[in-house]
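Residue numbers (this note's numbering), protein chains in the order written: chain A, 1 to 80; chain B, 81 to 485; chain C, 486 to 817.
Glycine included, each C-beta is placed from N, C-alpha and C at the ideal position.
Since we're looking at a predicted model, the values are computed, not measured.
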Amino acid sequence: MNSSDINTVIRKHLQRVAPEADLDSLNPEDELGPVLDIDSMDFYTMMVGISEDLRVEIPEQEYGNLRTLKNIREFLRKSV
Amino acid sequence: MGKFIMPSLGSQMIEAKLIQWHVKPGDTVKKGDIIGEIDTEKGLIDIEVFEDGVISKLVAKEGEVIPVGSVMAVINGEGKTEKVTAKPAETPKESAKNVPGNGKQKVASKKQVAKSKEVPLHRIKASPLARRVTEDLGVDISKVKSSGKTGTIHRKDVEAYVQQQTADETFEKELDMAEHISKAEGKSMRQSIAAAMSQSNKEIPHYYLEIEIDMKAALDWLSNENQNRSVQERLLPPMMLIKAVANALTEVPQLNGFWTDETMHIEEGIHVGFAIALRQGGLVIPAILNADLKSLDEIRGDFVNMVSRAREGHLRSREISSATITITSLGERGAEKVYGVIYPPQVALIGLGKITDRPRAVDGSIGIRPTLSVVLAGDHRATDGHTGSRFLEKLNNQLQHPESL
Amino acid sequence: MTQVAKQTMTYRQAIREAMREAMLKDDRVFLMGEDVGRYGGCFNVSEGMLEEFGNERIIDTPLSESGFTGCGIGAAVTGMRPIIEIMTINFSLLAADQIINTAAILQYMSGGQFTVPIVIRMATGGGKQLAAQHSRSLEGWYAHIPGLKILTPATIEDARGMLWPALEDPDPVLIFENSTLYNSEGPLSGNGQVVDIEKAKIHREGADVTILTYGIGLQKSLKAAEELANQGIEAEVIDLRVLRPLDNETIFTSVTKTGRAAIVDEGWKSGGISAEISARITEELFYDLDDPVERICGMEVPAPYARHLEQASLPQPEQIVETIKKMGGLHG
């Protein structure tokens, strides 16, 4: 699985919880929560979706780190 | 019933737009079937029908804005398909013309009802167990419908009937409450509801009680529990809060119910409403029914399911109007404490703030603990500070023993 | 928790072990029947026992069921503990007068002066293309007779464990071994614990329907229960174990819970043990029944010889599943 596939999956689930957001204008270092106005339920939904699509387990200790696009991408590249 | 009216799905709602019908005249519907979608200020909501029957006439037009309480459709309750001459979308004028037709249908229904009443009880085919259950529960067996091919009534048919009755009664009660308010004040229902909400702060004497809950035990337990769970099954703090609130309410039931007719009506069922913010703006408050009887996993399932449907606009009307108490949590966005406004006719609201690390005295020295600020808003007509404090104390206890949630 | 050493054995081995143990423990026990000695038993159950116990205790008889059964009764009355083996239940008809008119009522007719502590073992059942005269299941018929105790071991555990309490019983006990079970194999824990000869046993719990059965019916019912579970119906499967006296308590408790019952019996429906159980359930639990009691029994024909016809004449798991699925209170 290459980076662009990972990105597609991340985008898909991010767009689901923030349908009106303009993902292209996002800075990879932005804190997704405040910037896109998504809460812990949204994160949870996203993580479930990503974990199912990419068949990767996301240990709970990681949650705290997965708050920016950059961190999510890095984690997934390592794990997939 | 026979008439399907625009439901009131929240104290603030006075009207809604019918987006589309999912049925047409002649369609057979079963209780619980979704027959259309309406657009309220709080988003798209699926409307369900509360009885079995055949759609006779669709009075409301797609795209029309309909006031709460107005007739949207006519349902023939006998389950027999009769020829409907009216077109699906009728103007009020046309439906008036069809009144003689309506009248004929009504007479036909009456005849059928009379016939079924004449069937002597011993000729009703029912298993001995089914009969005994109807006697035990005080149910009229002639009203129970058989689901089988032979027309014999079995135990599960009686059980289904009883469940339906209870649900119908709840719905009737809700309608009654709204109608009562309007009768009492001589206003139309929609005006009263609007008035009730906007006057909530004035009419409901709110009292507020705060407690800072040490969440270490709960969060540690949660983190431990989640180690063994896959992503899809993980528990989140709101789910624990819902269960803890429900459990606390079993010990302090005075906060679980409605203030109507100048008195407190404590409800048996504990249906915890949870306020969910919608992206388009606005709030929906679906309820998790019988939260005290459900396991944490069942609550997790319900919660996840409802949040996603709420945000996609597919909540069912029943889910919006059933809460006996509400939790509102604005902690995500940084608010440390939430002083909320009670949604009448409920008598309490639980506001949850953000979980932050605070210094606390622990075993004689100062430690840092994740702390949740809980603010209970109570209706002073229904309960007083003593009851409120007892509730908060019980809630705290629940969260200090997360393993028994 | 300490694990008790488990051995596997066949049903026939289990019976053999039970007999050996009884004969080693008690000098009064002996085995008598056709071909039980030199031949090792027509179903190989007593293989090796002649060599071990000698011809005074393992006795080959002439072809005379009435004769040697009567002999056994006499031995029992005078202080021995005989195990009489009648080759199959079909031939027991020749000894019916001895069993029913003497063994069953001697205690009664003698005012208690004589008891008949006899154990009669017989192979029963069909399914092996042995045709009409050699394939019957008449356990239910014998269960009609007061004075007799009727056991139907269906498991390795019961095959191993029921013999000793049967021998200890001061009254006549008939043990019916379904011949299809002789080859069946299973685990046995410990050193062959003694089981009771009074109660029925629940092999599978469920809340939707009670299946009551015995003998070969147990395997078929458990198979049917698995299939039913796939379709969302949870069956409670009960091995009756003792057909006379029936364990009313276990039966009634279960049917009260589920509200419906199905009886699986290889014997014929008319006037069989299934009819007796059905009548009892209706008498006791009429107001707890959500559906009439169903019976899945052998077809009312003499056993066919052709394999496919014989199989069709016996109750099969598919039939059990179909019958239960049709019960009104379950489907929909």
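R792/C, buried or exposed, once every other Cβ within 10 Å from all chains shown has been counted against 16: exposed
G501/B, buried or exposed, once every other Cβ within 10 Å from all chains shown has been counted against 16: With chain B covering only 81 through 485, there is no way to say anything about residue 501/B.
DSSP bridge partner residues for F338/B (one or two, in chain order): H345/B, Q426/B
I660/C - partner residues in DSSP beta bridges: R606/C, L636/C
C-beta atoms of A628/C and I758/C nearer than 8 Å: yes
Residue range of the alpha helix (DSSP H) that includes A714/C: 702-715
Cβ-based neighbour list, L376/B, same chain, cut-off 8 Å, excluding 5 preceding and 5 following: L315, M319, M320, K323, L485
CB contact flag (I701/C, L666/C, <8 Å): yes
Residues in the region 224-244 of chain B having any Cβ partner in chain C nearer than 7 Å: S227, G228, T230, T232, H234, R235, K236
Proximal residues to H234/B (C-beta, below 7 Å), its chain only, five neighbours per side dropped: S207, A210, G228
Chain C within 8 Å of L209/B, Cβ atoms only: yes
E795/C, buried or exposed, once every other Cβ within 10 Å from all chains shown has been counted against 16: buried
Any non-hydrogen atom of the ligand SAH within 7 Å of T330/B CB: The model on display carries no ligand, and the ligand SAH is accordingly not part of it.
Unbroken alpha helix (DSSP H) run spanning C527/C, endpoints: Here C527/C belongs to no alpha helix (DSSP H), and DSSP marks it neither H nor E.
Three CB pairs or more closer than 8 Å across the region 141-158 of chain B and the region 91-107 of chain B: yes
Buried versus exposed call for D512/C [16 or more other C-beta atoms within 10 Å across all chains shown]: exposed
Residue ranges of each alpha helix (DSSP H) within the region 715-799 of chain C, 4 or longer: 733-743, 758-770, 792-798
Supposed contact pair P800/C and E751/C - C-beta distance, whole angstroms, cut 8 Å: 6 Å
Proximal residues of chain B, C-beta to C-beta of D693/C below 7 Å: Within 7 Å Cβ-Cβ: nothing; D693/C doesn't reach chain B, min ~10 Å.
Cβ contact (3+ pairs, closer than 8 Å) linking the region 501-521 of chain C and the region 529-548 of chain C: yes
Residues, ordered as in the chain, of the region 95-126 of chain B that lie near chain A by beta-carbon distance below 9 Å: none
8 Å Cβ cutoff met for G353/B and I422/B: no
Cβ pair G431/B, L452/B closer than 8 Å: no
Beta strand (DSSP E) runs wholly inside the region 573-617 of chain C, at least 3 long, in chain order: 604-609
Residue of A507/C, D773/C, L728/C minimising C-alpha distance to G625/C: L728/C
Cβ separation of E342/B and K474/B, assumed to be a contact under 8 Å, to the nearest whole Å: Actually they do not touch by this definition, with Cβ atoms about 28 Å apart.
C-beta contact flag for I821/C and A561/C at 8 Å: Chain C is shown only over 486 to 817; residue 821/C falls outside these bounds and no answer can be derived.
Residue burial classification, R270/B (beta-carbon count within 10 angstroms, cutoff 16): Summary for R270/B: the model assigns pLDDT 41, below 50, so the residue's position carries little reliability; its value from the coordinates is reported in the next sentence. Counting Cβ neighbours within 10 Å, R270/B comes out buried, since at least 16 surround it.
Chain B residues whose Cβ lies nearer than 7 Å to that of G610/C: Those do not exist, as G610/C stays about 34 Å from chain B at its closest Cβ, beyond 7 Å.
Segment limits, beta strand (DSSP E) that includes I146/B: 145-147
Reference A457/B, options V129/B, Q243/B, Y288/B, I85/B, closest by Cα: Y288/B
8 Å Cβ cutoff, G159/B in contact with chain C: Confidence in G159/B is poor, its pLDDT being 43 and thus under 50, which makes the residue's placement unreliable; the coordinate value appears in the next sentence. False, the Cβ-Cβ gap to chain C never drops below 8 Å.
Near-chain B residues of the region 726-743 of chain C (beta-carbon distance less than 8 Å), N- to C-terminal order: none
Alpha carbon of E536/C to alpha carbon of T495/C, nearest angstrom: 21 Å
Short CB-CB distance (under 8 Å) between S40/A and chain B: yes
Beta-carbon contacts of M572/C that lie in its chain and below 8 Å, excluding the five residues immediately before and after: G518, E519, D520, C527, M607, A608
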